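Protein chains in written order, with the numbering used here: chain B, 544 to 657; chain L, 816 to 928.
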Amino acid sequence: AQSVAQPEDQVNVAEGNPLTVKCTYSVSGNPYLFWYVQYPNRGLQFLLKYITGDNLVKGSYGFEAEFNKSQTSFHLKKPSALVSDSALYFCAVRLSYNNNDMRFGAGTRLTVKP
Amino acid sequence: EAGVAQSPRYKIIEKRQSVAFWCNPISGHATLYWYQQILGQGPKLLIQFQNNGVVDDSQLPKDRFSAERLKGVDSTLKIQPAKLEDSAVYLCASSLGGEDTQYFGPGTRLTVL
């Protein structure tokens with residue numbers, strides 16, 4: 544069965560430093576991979592997705608993610624973190640041929656300290 | 816462009832009571848989803864509609880949960896009767912089609928006492 548793992552419940556970084564939020568997936572086929580962000584009392588906001596093509600995907604607010612097929616990973620990155628990036632981040636996977644089945648990770652809480 | 820609208824934003828009920836949530840998707844989006852997000856977990860799909868038809872409701876607890884999208888636009892999700900474990904945020908999302916990016920509403924936070 545397809546699944547997503549976010550191995551870190553919490554990530555803390557200092558403002559201005561690079562950040563990485565990790566995601567690994569398990570699917571039997573080519574995956575569609577997504578990152579969403581959730582601010583307090585708000586719904587999930589789409590950041591970026593990988594469907595096919597270039598392994599480095601650029602998204603909203605300066606975020607990017609790198610698809611690594613050999614390591615089955617799709618880590619979210621940003622070169623320089625902002626305090627306003629503090630939020631809950633969710634990785635999700637969906638099989639390309641089954642558009643009904645989207646599975647989310649448990650989420651990683653990112654805290655950026657000034 | 817207006818986003819996905821949901822109401823109410825918060826609801827507190829006692830167990831065994833009934834509750835209904837409303838969702839209005841982004842205009843022109845044919846596919847609508849309801850998710851349940853329990854505290855500390857990622858969202859779990861409850862039901863997916865394509866226009867006014869159900870595409871997937873395999874994870875919907877049908878003994879107490881029901882949903883409809885009669886005119887293929889807005890949708891309601893109902894719980895009757897509610898249990899303590901139904902306390903969660905109920906998220907509605909929509910997309911142009913089933914394989915397109917999903918856009919989420921702000922959610923309804925349900926507390927069952």
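Positions of the beta carbon are idealized from the N, C-alpha and C atoms, including for glycine. Values in this document were obtained by computation on a predicted structure and should not be read as measured data.
**Request:** Check the Cβ-Cβ distances between Glu610(B) and every residue of chain L, and say whether any is below 8 Å.
**Result:** Counting from 1 along the first sequence, the entry for residue 610(B) is found at position 67. This sequence places Phe at residue 610(B); Glu is not what is there. No - not a single Cβ of chain L is within 8 Å of the one on Phe610(B).
**Prompt:** Taking any Cβ of chain B, which residues in the stretch 839-862 of chain L have a Cβ under 9 Å from it, in chain order?
**Reply:** Thr846, Tyr848, Tyr850, Gln852, Gly855, Gln856, Gly857, Pro858, Lys859, Leu860
**Request:** Since I believe Lys826(L) is in contact with Leu928(L) (beta carbons under 8 Å), could you give me their beta-carbon distance rounded to a whole number of angstroms?
**Result:** As a position in the second sequence, residue 928(L) is number 113, starting the count at 1. As a position in the second sequence, residue 826(L) is number 11, starting the count at 1. Contact flag wrong, Cβ pair sits at about 11 Å.
**Request:** Could you tell me whether the stretch 882-896 of chain L touches the stretch 550-566 of chain B, where touching means 3 or more Cβ pairs closer than 8 Å?
**Result:** no
**Request:** Please list the segments of the beta strand (DSSP E) lying wholly inside the stretch 554-627 of chain B, counting only runs of 3 or more residues, in order along the chain.
**Result:** 562-564, 567-569, 574-581, 587-593, 599-601, 607-611, 616-621
**Request:** Report all residues from its chain with a CB closer than 6 Å to the CB of Phe610(B); omit the five preceding and five following residues, and keep chain order.
**Result:** Stepping through the first sequence from its first residue, residue 610(B) is reached at position 67. Contacts found: Tyr593, Asn598, Phe617.
**Prompt:** Who pairs with Glu883(L) in a beta bridge, going by DSSP?
**Reply:** For this step, residue 883(L) is matched to residue 68 along the second sequence. DSSP output for Glu883(L) lists Thr891(L) as bridge partner(s).
**Prompt:** Taking Cβ positions, are Leu925(L) and Asp901(L) nearer each other than 8 Å?
**Reply:** For the purposes of this step, residue 925(L) is taken as the residue at position 110 of the second sequence. For the purposes of this step, residue 901(L) is taken as the residue at position 86 of the second sequence. Cβ distance < 8 Å, so Leu925(L) and Asp901(L) count as in contact.
**Request:** Could you check the C-alpha separation between Ser910(L) and Asn839(L) for me, to the nearest Å?
**Result:** The residue you call residue 910(L) lines up with position 95 of the second sequence. The residue you call residue 839(L) lines up with position 24 of the second sequence. If I take the Cα positions, the gap works out to 12 Å.
**Message:** Please classify Val869(L) as buried or exposed, where buried requires at least 16 other C-beta atoms within 10 Å of its C-beta.
**Reply:** Position 54 of the second sequence, counting from 1, holds the residue named residue 869(L). Result: exposed.
**Request:** Please determine, among Gly605(B), Ser613(B), Asp644(B), the residue with the shortest C-alpha to C-alpha distance to Leu625(B).
**Result:** If you number the first sequence from 1, residue 625(B) lands on position 82. Taking only the C-alpha atoms, the option nearest Leu625(B) is Gly605(B).
**Nearest-angstrom Cβ-Cβ length linking Ala882(L) and Trp849(L), presumed shorter than 8 Å** = Counting from 1 along the second sequence, the entry for residue 882(L) is found at position 67. Counting from 1 along the second sequence, the entry for residue 849(L) is found at position 34. Sure, about 6 Å apart at Cβ, within 8 Å.
**Asked** Which of the three DSSP states, helix, strand or coil, is assigned to Asp871(L)?
**Response** Taking the first residue of the second sequence as position 1, residue 871(L) is located at position 56. Asp871(L) falls in the strand class under three-state DSSP.
**Same chain only: Cβ atoms within 7 Å of Tyr579(B), ignoring 5 sequence neighbours per side** = For the purposes of this step, residue 579(B) is identified with residue 36 of the first sequence, where counting begins at 1. Cβ within range, chain order: Leu587, Gln588, Phe589, Leu590, Phe633, Ala635.
**Prompt:** Along chain L, in chain order, which residues have C-beta atoms closer than 8 Å to that of Lys592(B)?
**Reply:** Taking the first residue of the first sequence as 1, we reach residue 592(B) at position 49. Those within 8 Å of Lys592(B) in chain L are Thr916.
**Item:** Assumed close pair Leu860(L), Met645(B) - CB separation to whole angstroms, cut-off 8 Å
**Value:** Within the second sequence, the letter at position 45 stands for residue 860(L). Within the first sequence, the letter at position 102 stands for residue 645(B). Confirmed, Cβ separation roughly 6 Å.
**Message:** How far does the beta strand (DSSP E) with Ser546(B) in it extend, from its first residue to its last?
**Reply:** As a working mapping, residue 546(B) is identified with position 3 in the first sequence. Looking at the DSSP string, the run of the beta strand (DSSP E) that includes Ser546(B) is 546-548.
**Request:** Note down the Cα distance separating Gly843(L) from Ile862(L), rounded to an integer number of angstroms.
**Result:** Taking the second sequence and counting its residues from 1, one reaches residue 843(L) at position 28. Taking the second sequence and counting its residues from 1, one reaches residue 862(L) at position 47. So the alpha carbons of these two residues sit roughly 19 Å apart.
**Asked** For Lys621(B) versus Pro561(B), is the C-beta distance shorter than 8 Å?
**Response** What you label residue 621(B) is simply residue 78 of the first sequence in a count that begins at 1. What you label residue 561(B) is simply residue 18 of the first sequence in a count that begins at 1. Yes, Cβ-Cβ distance for Lys621(B) and Pro561(B) is below 8 Å.
**Same chain only: Cβ atoms within 6 Å of Arg637(B), ignoring 5 sequence neighbours per side** = Residue numbering aside, residue 637(B) sits at position 94 when the first sequence is read from its first letter. Same-chain partners within the cutoff: Tyr575, Met645.
**Asked** Helix, strand or coil for Leu928(L) per DSSP?
**Response** Stepping through the second sequence from its first residue, residue 928(L) is reached at position 113. The answer is coil: DSSP assigns Leu928(L) none of H, G, I, E or B.
**Prompt:** For the putative contact between Leu906(L) and Gln832(L), defined by C-beta atoms under 8 Å, what is the C-beta separation to the nearest angstrom?
**Reply:** Reading the second sequence from its first residue, position 91 is the one you call residue 906(L). Reading the second sequence from its first residue, position 17 is the one you call residue 832(L). Going by Cβ atoms, the distance from Leu906(L) to Gln832(L) rounds to 21 Å, so no, they are not a contact pair.
**Prompt:** Alpha carbon to alpha carbon, what distance is there between Asn867(L) and Gln895(L)?
**Reply:** Counting from 1 along the second sequence, the entry for residue 895(L) is found at position 80. Counting from 1 along the second sequence, the entry for residue 867(L) is found at position 52. Answer to the nearest angstrom: the Cα atoms are 22 Å apart.
**Any chain B beta carbon closer than 8 Å to Pro876(L)** = On the second sequence, position 61 is the one that residue 876(L) refers to. Cβ-Cβ to chain B under 8 Å: no for Pro876(L).
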